[in-house]
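Beneath this line is the structure, given in structure tokens, with notes to follow.
2 protein chains.
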Amino acid sequence: MKIIAIHDNVVSIRSHLRNAWINFSEMTVSAVAIITDVVRDQRPVVGFGFHSNGRYAQQGILRERLIPRLMKAEHGALLTDDEQNFDPVKAWQIMMTNEKPGGHGERSVAVGALDMALWDLTAKIEGKPLYRLLADAYRNGVADTDVYVYAAGGYYYPGKDLTALQDEMRGYLDMGYDTVKMKIGGASLDDDLRRIEAVLEVVGHGERLAVDANGRFDLETALRYREAIAPYKLKWYEEAGDPLDYRLNAEVAKESTTPIATGENLFSLQDSRNLIRYGGLNPNRDYLQMDPALSYGLVEYMKILEMLEQHGWSARRCIPHGGHQMTLHIAAGLGLGGNESYPGVFQPFGGFADNVPVEGGRVRLPDAPGIGIELKADLMRVYELLAN
Amino acid sequence: MKIIAIHDNVVSIRSHLRNAWINFSEMTVSAVAIITDVVRDQRPVVGFGFHSNGRYAQQGILRERLIPRLMKAEHGALLTDDEQNFDPVKAWQIMMTNEKPGGHGERSVAVGALDMALWDLTAKIEGKPLYRLLADAYRNGVADTDVYVYAAGGYYYPGKDLTALQDEMRGYLDMGYDTVKMKIGGASLDDDLRRIEAVLEVVGHGERLAVDANGRFDLETALRYREAIAPYKLKWYEEAGDPLDYRLNAEVAKESTTPIATGENLFSLQDSRNLIRYGGLNPNRDYLQMDPALSYGLVEYMKILEMLEQHGWSARRCIPHGGHQMTLHIAAGLGLGGNESYPGVFQPFGGFADNVPVEGGRVRLPDAPGIGIELKADLMRVYELLAN
Numbered sequence: 031m032k033i034i035a036i037h038d039n040v041v042s043i044r045s046h047l048r049n050a051w052i053n054f055s056e057m058t059v060s061a062v063a064i065i066t067d068v069v070r071d072q073r074p075v076v077g078f079g080f081h082s083n084g085r086y087a088q089q090g091i092l093r094e095r096l097i098p099r100l101m102k103a104e105h106g107a108l109l110t111d112d113e114q115n116f117d118p119v120k121a122w123q124i125m126m127t128n129e130k131p132g133g134h135g136e137r138s139v140a141v142g143a144l145d146m147a148l149w150d151l152t153a154k155i156e157g158k159p160l161y162r163l164l165a166d167a168y169r170n171g172v173a174d175t176d177v178y179v180y181a182a183g184g185y186y187y188p189g190k191d192l193t194a195l196q197d198e199m200r201g202y203l204d205m206g207y208d209t210v211k212m213k214i215g216g217a218s219l220d221d222d223l224r225r226i227e228a229v230l231e232v233v234g235h236g237e238r239l240a241v242d243a244n245g246r247f248d249l250e251t252a253l254r255y256r257e258a259i260a261p262y263k264l265k266w267y268e269e270a271g272d273p274l275d276y277r278l279n280a281e282v283a284k285e286s287t288t289p290i291a292t293g294e295n296l297f298s299l300q301d302s303r304n305l306i307r308y309g310g311l312n313p314n315r316d317y318l319q320m321d322p323a324l325s326y327g328l329v330e331y332m333k334i335l336e337m338l339e340q341h342g343w344s345a346r347r348c349i350p351h352g353g354h355q356m357t358l359h360i361a362a363g364l365g366l367g368g369n370e371s372y373p374g375v376f377q378p379f380g381g382f383a384d385n386v387p388v389e390g391g392r393v394r395l396p397d398a399p400g401i402g403i404e405l406k407a408d409l410m411r412v413y414e415l416l417a418n
Numbered sequence: 031m032k033i034i035a036i037h038d039n040v041v042s043i044r045s046h047l048r049n050a051w052i053n054f055s056e057m058t059v060s061a062v063a064i065i066t067d068v069v070r071d072q073r074p075v076v077g078f079g080f081h082s083n084g085r086y087a088q089q090g091i092l093r094e095r096l097i098p099r100l101m102k103a104e105h106g107a108l109l110t111d112d113e114q115n116f117d118p119v120k121a122w123q124i125m126m127t128n129e130k131p132g133g134h135g136e137r138s139v140a141v142g143a144l145d146m147a148l149w150d151l152t153a154k155i156e157g158k159p160l161y162r163l164l165a166d167a168y169r170n171g172v173a174d175t176d177v178y179v180y181a182a183g184g185y186y187y188p189g190k191d192l193t194a195l196q197d198e199m200r201g202y203l204d205m206g207y208d209t210v211k212m213k214i215g216g217a218s219l220d221d222d223l224r225r226i227e228a229v230l231e232v233v234g235h236g237e238r239l240a241v242d243a244n245g246r247f248d249l250e251t252a253l254r255y256r257e258a259i260a261p262y263k264l265k266w267y268e269e270a271g272d273p274l275d276y277r278l279n280a281e282v283a284k285e286s287t288t289p290i291a292t293g294e295n296l297f298s299l300q301d302s303r304n305l306i307r308y309g310g311l312n313p314n315r316d317y318l319q320m321d322p323a324l325s326y327g328l329v330e331y332m333k334i335l336e337m338l339e340q341h342g343w344s345a346r347r348c349i350p351h352g353g354h355q356m357t358l359h360i361a362a363g364l365g366l367g368g369n370e371s372y373p374g375v376f377q378p379f380g381g382f383a384d385n386v387p388v389e390g391g392r393v394r395l396p397d398a399p400g401i402g403i404e405l406k407a408d409l410m411r412v413y414e415l416l417a418n
């Protein structure tokens, strides 16, 4: 049982979207395929992976460091002790050989993409969907059969007016979503309040709307927005300030009547632990959005969940950034609180299996072995080129 | 006045060295050259840059994101307002366009290499050594004419015994160094104490010896080492635990009689600020080692120095990691406490201008315009290929 080859490709997901920090005109994703000599249904098993949007493709780190380390690993070093499957935890150790501590970015994205492919591979060899493998291995077989998802949109783009924003949000409700999220901080406070009120007209009440500042605000602005949005009783107020400014976060969280959400720009156990230690979050009120597919993968994410438990946080407070099938499986298999979704954007990576509708704001899990990338036709086209 | 081309290359600095975390068998550095249409002494001015050792070359990020952004910048966008020189601060903003906050690693290294070349360029166009440019621009013309340096060595490598370690350290004293540093944490505490005592026999007293654990220890081990080394009254105890575990650092620092040194694995203003906020360091006793050439360059480092000043830290407490000419110029021009040096290792990037001896543990600054890479023959050979 061994890896025959690992291929990667850089896929453009460029768009005209803009949040408070960046536009997505140059955005790319690394897609990876791990080809093995294991045969199932008369075909070699191939694991597919990618990373989440918002951080760029990592071809350099993949080709110069991580892929060569996996390919040079000694026979059996990537396998479980009984040699019946690959072991993503052992593979993780090999990928991170001769990597110094600290500096968690980019590298964490590259490892995240390969980690996804390793878990896809492992689940395919076991013949189980990943969420079932995770529930069996780590949760005594208890899995959620569907997962809460919310529609993240409401980006700024040229020429978009309030009517277009309302139409977008109405579209999400029509698709079956119950909660929507919109960007703030890319316009003035007054304009943003008008945008929020326009969306509230569509969704009906604040519990169905979250807002996301993408880390744009200084403390004063963050507090001004906090006070201004308080009357709407929104679902959450996301990433008010710089993701590493834990003190700002604590100031914002302290007297917030709106739940706080953050974490998508923390890419390691160590950074996540600092948020919990210093960020002033409330485990009974707030949400954590760390994204395994940007943060050294599921192997690291399980360490993060363990750290959270030690600090009194339930996994149900975790709703990862990412909006794709990998985080959906993790949510169902490990009992998270839900999963982000970006209907229609960051394609073909965003979204779930074809023909699985969102119903009542929840998505069911597929039965196919692995993550189910084969069940999403436009995504599978990316991998047809890589898989041979 | 414009950039004609930017070239980069990946240079191996492989060696048999080992610290407590990694070996250097795969270590690489990105060398960059920025070629302009500005002419001085009948030749086009070229800026040279690289990043410090310990983090790998960044060809992917350089070629896919940073270099294209600089090359696509509008006419004048990289220049000072009077268009008489390039402006590294404006160039920094352009390099970081469409880059999200957080995730400070790798990208920070790539920016650091280009930032070095931009400062080299700027100083050459002004016809001044960089330290003089910095002193004139930011310190009312006050510059240090020589800089405290210490010899960082004492690595683990196969077959190295106590005699070899003592010979190595004696060699540094013979070169003119007054203080030396050695690795700990790659052997047992007992073995490390024997190694420390062997070096103390050579250097005479603890004030001339620092020890570096490279982030290897958990809290219990860190405290055990702290107590065990206390009687030696060493120069400093460096990076006991994970660089992002501020709480561990604070526990170690609290009752340490040995000064604490850390920061080389924090790559941004935000991470450095968290160390100052939460790391329990003492501005009258401890040392900060943040390295501009791994951390978004001198542009970011000046923001770090400003943050430090706001928190009551003198720049004299800063002794950057890196061991090369760029940090030497910064130390002299901005009044830092000193600079690391790695005699004979991480060549050709480590070390200073040829024929500038270390005297009394200090190094004088060269007079040539720029950083002085042209004054180090083995290093200049790297750039001869890149500069055309």
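Residue numbers (this note's numbering), protein chains in the order written: chain A, 31 to 418; chain B, 31 to 418.
All C-beta atoms in this analysis are idealised placements derived from N, C-alpha and C, irrespective of residue type, glycine included.
1) Which stretch, first to last residue, makes up the beta strand (DSSP E) that contains Ile36 (chain B)?
2) Rounded to the nearest angstrom, how far is the Cβ of Leu395 (chain A) from that of Tyr161 (chain A), given a contact under 8 Å?
3) Any Cβ of chain B within less than 9 Å of the Cβ of Ala87 (chain A)?
4) Distance cutoff 9 Å, beta carbons only. Does Ser82 (chain A) sit that close to anything in chain B?
5) Can you check whether the CB of Ala143 (chain B) is closer than 9 Å to the CB of Asp38 (chain B)?
6) Given Glu156 (chain B), which residues of its chain have a CB within under 8 Å of its CB, disregarding the five upstream and five downstream residues?
7) If contact is defined by three or more beta carbon pairs under 8 Å, each pair taking one atom from either stretch, is the region 236 to 254 of chain B in contact with the region 93 to 108 of chain A?
8) What is the DSSP secondary structure of Asp67 (chain A), counted as helix, strand or coil?
9) Spatial neighbours of Phe54 (chain B) within its chain, please: C-beta separation below 6 Å, excluding the five flanking residues on both sides.
10) Does chain B have any CB closer than 9 Å to the CB of Glu404 (chain A)?
11) Can you check whether the CB of Thr357 (chain A) is closer than 9 Å to the CB of Ser82 (chain A)?
12) Interface residues of chain B around Arg277 (chain A) at Cβ under 7 Å?
13) Using a 10 Å radius around the Cβ and a threshold of 16 neighbouring Cβ atoms, would you call Gly198 (chain B) buried or exposed?
14) DSSP on Lys120 (chain B), reduced to helix/strand/coil?
15) Enumerate in chain order the residues of its own chain whose CB-to-CB distance from Val68 (chain A) is below 6 Å, with the five nearest sequence positions on each side excluded.
16) What did DSSP end up calling Met146 (chain B) once you bin it into helix, strand or coil?
17) Ordered along the chain, which non-local residues of its own chain (more than five positions away) have a Cβ less than 7 Å from that of Leu260 (chain A)?
18) Taking all protein chains shown into account, do 16 or more other C-beta atoms lie within 10 angstroms of the C-beta of Ser371 (chain B), making it buried, or fewer, making it exposed?
19) Select from the region 282 to 313 of chain B all residues with a C-beta closer than 7 Å to any C-beta belonging to chain A, and list them in chain order.
20) Which value, in whole angstroms, describes the spacing of the CA atoms of Gly206 (chain A) and Phe379 (chain A)?
21) On the DSSP bridge list, what partners appear for Ala240 (chain B)?
22) Between the region 133 to 160 of chain A and chain B, which residues of the former have a C-beta closer than 7 Å to a C-beta of the latter?
23) Out of B:Tyr180, B:Tyr186, B:Arg137, which one is the CA nearest neighbour of Gly390 (chain B)?
24) Look at the alpha carbon of Glu404 (chain A) and the alpha carbon of Leu324 (chain B), and state the distance between them as a whole number of angstroms.
25) Just the C-alpha distance for Ala280 (chain A) and Phe297 (chain A), rounded to the nearest angstrom, thanks.
26) Note the first and the last residue of the continuous beta strand (DSSP E) segment covering Gly79 (chain B).
27) Quick one: give me the first and last residue of the alpha helix (DSSP H) that Ala217 (chain A) is part of.
28) Under the assumption that Glu136 (chain B) contacts Gly135 (chain A) (Cβ atoms under 8 Å), give the Cβ distance between them as a whole number of angstroms.
29) With 9 Å as the threshold, decide whether the Cβ of Asp272 (chain A) is near any Cβ in chain B.
30) Using three-state DSSP, classify Ile349 (chain A) as helix, strand or coil.
31) Less than 8 Å between C-beta atoms, sequence neighbours within five positions excluded: which residues of the same chain meet that for Pro118 (chain A)?
32) Check for me: the beta strand (DSSP E) holding Asn369 (chain B) runs from which residue to which?
33) Pick helix, strand or coil for Val141 (chain A), following the three-state DSSP scheme.
34) Assign Glu231 (chain B) to buried or exposed, taking buried as 16 or more other Cβ atoms, counted over all protein chains shown, within 10 Å of its Cβ.
35) Which word fits Val172 (chain B), buried or exposed, when buried means at least 16 other C-beta atoms lie within 10 angstroms of its C-beta?
36) Quick one: measure Cβ to Cβ for Thr209 (chain A) and Arg238 (chain A), integer angstroms, because I've assumed they're closer than 8 Å.
Reading from the atomic positions:
1) Mapped onto the second sequence, residue 36 (chain B) falls at position 6. Counted as a single uninterrupted DSSP element, the beta strand (DSSP E) harbouring Ile36 (chain B) occupies residues 33 to 42.
2) Your numbering for residue 395 (chain A) matches position 365 in the first sequence. Your numbering for residue 161 (chain A) matches position 131 in the first sequence. About 5 Å separates the two Cβ atoms, so the contact holds.
3) In the first sequence, residue 87 (chain A) corresponds to position 57, counting from 1. Residue-level contact by beta carbon holds for Ala87 (chain A) and chain B, with a gap shorter than 9 Å.
4) Counting from 1 along the first sequence, the entry for residue 82 (chain A) is found at position 52. With 9 Å as the cut-off, Ser82 (chain A) does not count as an interface residue toward chain B.
5) Numbered from 1 along the second sequence, position 8 holds the residue referred to as residue 38 (chain B). Numbered from 1 along the second sequence, position 113 holds the residue referred to as residue 143 (chain B). Yes, these two residues count as a Cβ contact at 9 Å.
6) Along the second sequence, read from residue 1 onward, the residue named residue 156 (chain B) stands at position 126. Closer than 8 Å at the Cβ level, and outside the excluded window around Glu156 (chain B), lie Asn115, Leu163, Pro399.
7) With contact defined as three or more Cβ pairs closer than 8 Å, the region 93 to 108 of chain A and the region 236 to 254 of chain B are not in contact.
8) As a first step, residue 67 (chain A) must be located in the first sequence, where it is residue number 37. DSSP, read as helix, strand or coil, puts Asp67 (chain A) in strand.
9) Along the second sequence, one-based indexing puts residue 54 (chain B) at 24. Ser45, Leu47, listed in sequence order.
10) As a working mapping, residue 404 (chain A) is identified with position 374 in the first sequence. No, Glu404 (chain A) does not count as interfacial toward chain B.
11) What you label residue 82 (chain A) is simply residue 52 of the first sequence in a count that begins at 1. What you label residue 357 (chain A) is simply residue 327 of the first sequence in a count that begins at 1. Yes, these two residues count as a Cβ contact at 9 Å.
12) Locating residue 277 (chain A) in the first sequence gives position 247, counting from the first residue. Within chain B, the residues whose beta carbon sits less than 7 Å from that of Arg277 (chain A) are Arg307, listed in sequence order.
13) By 1-based counting over the second sequence, the position of residue 198 (chain B) is 168. First, the amino acid is wrong: residue 198 (chain B) is Glu here, not Gly. It is buried - the Cβ of Glu198 (chain B) has at least 16 other Cβ atoms within 10 Å.
14) For the purposes of this step, residue 120 (chain B) is taken as the residue at position 90 of the second sequence. In the structure shown, Lys120 (chain B) sits in a helix (DSSP, three-state: H, G or I).
15) Position 38 of the first sequence, counted from the first residue, corresponds to residue 68 (chain A). These residues qualify, in order along the chain: Met31, Val75, Ile155.
16) Taking the second sequence and counting its residues from 1, the one referred to as residue 146 (chain B) is at position 116. For Met146 (chain B), the three-state secondary structure derived from DSSP is helix.
17) For the purposes of this step, residue 260 (chain A) is identified with residue 230 of the first sequence, where counting begins at 1. Here residue 260 (chain A) is Ala; the residue named in the question, Leu, does not match the sequence. Contacts found: Thr287, Thr288.
18) Your numbering for residue 371 (chain B) matches position 341 in the second sequence. Counting Cβ neighbours within 10 Å, Ser371 (chain B) comes out buried, since at least 16 surround it.
19) Cβ contacts with chain A: Asn295, Leu296, Phe297, Gln300, Asp301, Asn304, Arg307, Tyr308.
20) Residue 206 (chain A) sits at position 176 when you count from the first residue of the first sequence. Residue 379 (chain A) sits at position 349 when you count from the first residue of the first sequence. Going by the C-alpha atoms only, they are around 20 Å apart.
21) Within the second sequence, the letter at position 210 stands for residue 240 (chain B). In the DSSP secondary-structure assignment, Ala240 (chain B) is bridged to B:Lys211.
22) If the cut-off is 7 Å between Cβ atoms, the region 133 to 160 of chain A has Gly133, His134, Gly135, Glu136, Arg137 near chain B.
23) As a working note, residue 390 (chain B) is residue 360 in the second sequence. For the set B:Tyr180, B:Tyr186, B:Arg137, the Cα lying nearest the Cα of Gly390 (chain B) is the one of B:Tyr180.
24) Taking the first sequence and counting its residues from 1, the one referred to as residue 404 (chain A) is at position 374. Taking the second sequence and counting its residues from 1, the one referred to as residue 324 (chain B) is at position 294. Computed Cα separation, rounded: 41 Å.
25) One-based indexing of the first sequence puts residue 280 (chain A) at position 250. One-based indexing of the first sequence puts residue 297 (chain A) at position 267. Taking the straight line from one Cα to the other gives about 19 Å.
26) Reading the second sequence from its first residue, position 49 is the one you call residue 79 (chain B). Segment 73 to 80, the beta strand (DSSP E) holding Gly79 (chain B).
27) The residue you call residue 217 (chain A) lines up with position 187 of the first sequence. Element bounds for Ala217 (chain A): n/a, residue is neither H nor E.
28) Your numbering for residue 136 (chain B) matches position 106 in the second sequence. Your numbering for residue 135 (chain A) matches position 105 in the first sequence. Confirmed, Cβ separation roughly 6 Å.
29) Residue numbering aside, residue 272 (chain A) sits at position 242 when the first sequence is read from its first letter. Closer than 9 Å to some Cβ of chain B, the Cβ of Asp272 (chain A) qualifies, so yes.
30) Counted from its first residue, the first sequence places residue 349 (chain A) at position 319. Here Ile349 (chain A) carries a coil assignment [DSSP, helix/strand/coil].
31) As a first step, residue 118 (chain A) is located in the first sequence; it is residue number 88 there, counting from the start. Apart from the 5 residues on each side of it in sequence, Pro118 (chain A) sits with its Cβ closer than 8 Å to the Cβ of Asp145, Leu148, Trp149, Thr152, Gly327, Leu328, Val329 in its chain, given in chain order.
32) Along the second sequence, one-based indexing puts residue 369 (chain B) at 339. Unbroken beta strand (DSSP E) run through Asn369 (chain B): 369 to 371.
33) For the purposes of this step, residue 141 (chain A) is taken as residue 111 along the first sequence, with counting starting at 1. Helix at Val141 (chain A).
34) Position 201 of the second sequence, counting from 1, holds the residue named residue 231 (chain B). Glu231 (chain B) is exposed by the Cβ-count criterion.
35) Sequence index remark: in the second sequence, residue 172 (chain B) carries index 142 (1-based). Around the beta carbon of Val172 (chain B), fewer than 16 other beta carbons lie within 10 angstroms, which makes this residue exposed.
36) For this step, residue 209 (chain A) is matched to residue 179 along the first sequence. For this step, residue 238 (chain A) is matched to residue 208 along the first sequence. Contact flag correct, Cβ pair sits at about 5 Å.
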